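Here is the structure we will look at.
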Amino acid sequence: MNLGRAIVIAGAVIGCSFAAVAVSPGASPGPGIRYATDAYPGFDSEDELLKPSRKEPRWFGWINGPKMDTAAEQFKYAASLEAEESWKGAKKAYDALVREWPTSPEAPKAQKAIADICLGKLLDSEDAFAEYRYLLDFYSAQCNYDEIVDLMYKTAELMRDEGKTILFFRFDNTVDVRRAYEAVVLRAPGASFAPKAMLTIASLREDEDKQETAATVYENLRSMYPDSPEAVIALYREAKARMVVLNRCEYNRERVRDTIGFLTFAIESGKLEPEQREEVGGFRTEARALLENEAYNAAKFYDSRTRTKRSAMSAYQRFLDDYPTSDRAPEVRRRLFELQEEGK
């Protein structure tokens, strides 16, 4: 962690206190806004996630438990350690308060202090995110909801930039980061950063090589935030993701037809840049060629010794009706004429 980034984080945390701060408007659910109980296709289901459990007093309380007899006294003790810049000690003292007196007035303030220390002093964005999430999940009515989800989003951004350190080696933590963004969107679907967060979620799905799921998230983004700049970006990216799926999977007529329909919609939406429109037009030509090839192969299948001439003639005629300008049309017309002459 470089010093410049540490200063930026510290400044952000200091600026986000229990006092009023500038945060994304409408982050918390409100009238006309989607809720976490609504469907979010492409997100991990609740069954796939580790649900945080309420903190409980630790074993060997005389070592890990609170040092004072009341929550108020413990909070002052933890704050004194923080003032002395004993960050780990202060975090431990605040955590002991939350575990021992979870319903006290000091508990939500202590929980936020834990998260702030993790982010601004210990520079551990993953732990910070978990602590902010705990605050929101268990003390949503006792904290500044909009402020905390804003901090959660900024922390998720840091998680994405940092990666994950294991034994001093840095790795991508794509799944953990994606789930962090999903947690933010679920808790603040009305926030101004929600469309951008969903765009990131879809992009991370592509990093996981799950283009079909990514396309689902892009589609949901366009549905939820149709007027956002991110919806335009999602339209183009969804087209690319759908083509990856089309070329990767076995031939399926309904999938091809659905893809062609979407590509046509994207082209006719007027939202794509000229280069993007040309590229998506190429995708549509490629998809239409798949249907044409399937129709031609079907016609050839009927034109065999084990099939009747009538079946072959009908198949060739259907091909010409559907693809009159195909490169194969002259060949099909010649063969259809031969079969018609043989039948006279």
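Everything in the sequence shown is counted per our numbering, starting at 28 for the first residue and increasing by one. Where a beta carbon is used, it is the ideal one built from N, C-alpha and C, also for glycine. From a predicted model like this one, the values you see are computed outputs, not experimental measurements.
For residue i, which option in the options has the closest C-alpha, if you only look at C-alpha atoms?
i	options	result
residue 215	180, 274, 254, 262	180
residue 270	310, 164, 299	310
residue 280	256, 254, 132, 318	318
residue 248	237, 235, 264	264
residue 137	150, 153, 165	165
residue 85	69, 125, 220	125
residue 114	81, 91, 94, 150	150
residue 274	93, 314, 171, 146	314
residue 282	239, 209, 211	239
residue 261	289, 169, 320, 207	289
residue 296	156, 276, 266, 277	266
residue 268	284, 252, 234, 182	234
residue 220	177, 299, 301	177
residue 156	206, 254, 70, 250	206
residue 236	255, 201, 360	201
residue 257	284, 276, 227, 272	227
residue 304	67, 259, 278	259
residue 213	171, 160, 169, 168	160
residue 321	82, 278, 306, 302	278
residue 294	307, 158, 353	307
residue 82	224, 162, 251	162
residue 298	316, 255, 105, 272	255
residue 316	353, 345, 68	353
residue 68	302, 246, 154	246
Which residues bound the alpha helix (DSSP H) around residue i?
i	result
residue 146	133 to 147
residue 123	114 to 127
residue 165	152 to 165
residue 172	172 to 189
residue 285	280 to 295
residue 95	Careful: residue 95 lies outside any alpha helix (DSSP H) and carries neither H nor E.
residue 67	Unbroken run through residue 67: none, as it is neither H nor E.
residue 218	Run containing residue 218: none; DSSP gives neither H nor E here.
Going by other Cβ atoms of all chains shown within 10 Å of its Cβ, with 16 needed for buried, is residue i buried or exposed?
i	result
residue 174	buried
residue 351	exposed
residue 230	buried
residue 110	exposed
residue 87	exposed
residue 357	exposed
residue 244	buried
residue 58	A caution first: residue 58 carries a pLDDT of 34, below 50, which makes its placement in the model unreliable, though a value can still be read off. Classification of residue 58: exposed, given that the 10 Å Cβ count is below 16.
residue 185	buried
residue 242	buried
residue 292	exposed
residue 403	Given that the chain is displayed from residue 28 to residue 371, the structure contains no residue 403 and the question cannot be resolved.
residue 80	exposed
residue 195	Here the model assigns residue 195 a pLDDT of 45, short of 50, so the residue's position is not dependable, and the following value carries that caveat. Flag for residue 195 reads exposed.
residue 143	buried
residue 286	buried
residue 222	buried
residue 64	Its pLDDT being 45, under 50, residue 64 is placed unreliably in this model, and the value from its coordinates should be taken loosely. Under this definition residue 64 is an exposed residue.
residue 171	buried
residue 312	exposed
residue 158	buried
residue 183	buried
residue 276	exposed
residue 218	buried
residue 168	exposed
Tell me, to the nearest whole angstrom, how far the beta carbon of residue i is from that of residue j; I am working on the premise that it is less than 8 Å.
i	j	result
residue 232	residue 204	No, residue 232 and residue 204 are not in contact; Cβ-Cβ is about 11 Å, not under 8 Å.
residue 134	residue 128	6 Å
residue 189	residue 131	Not a contact, Cβ separation roughly 34 Å.
residue 108	residue 99	Contact doesn't hold; Cβ gap of about 16 Å is too wide.
residue 123	residue 92	5 Å
residue 71	residue 209	6 Å
Problem - Runs of beta strand (DSSP E) lying entirely within the stretch 203 to 275, each at least 3 residues, in chain order - result: Correct list: empty.
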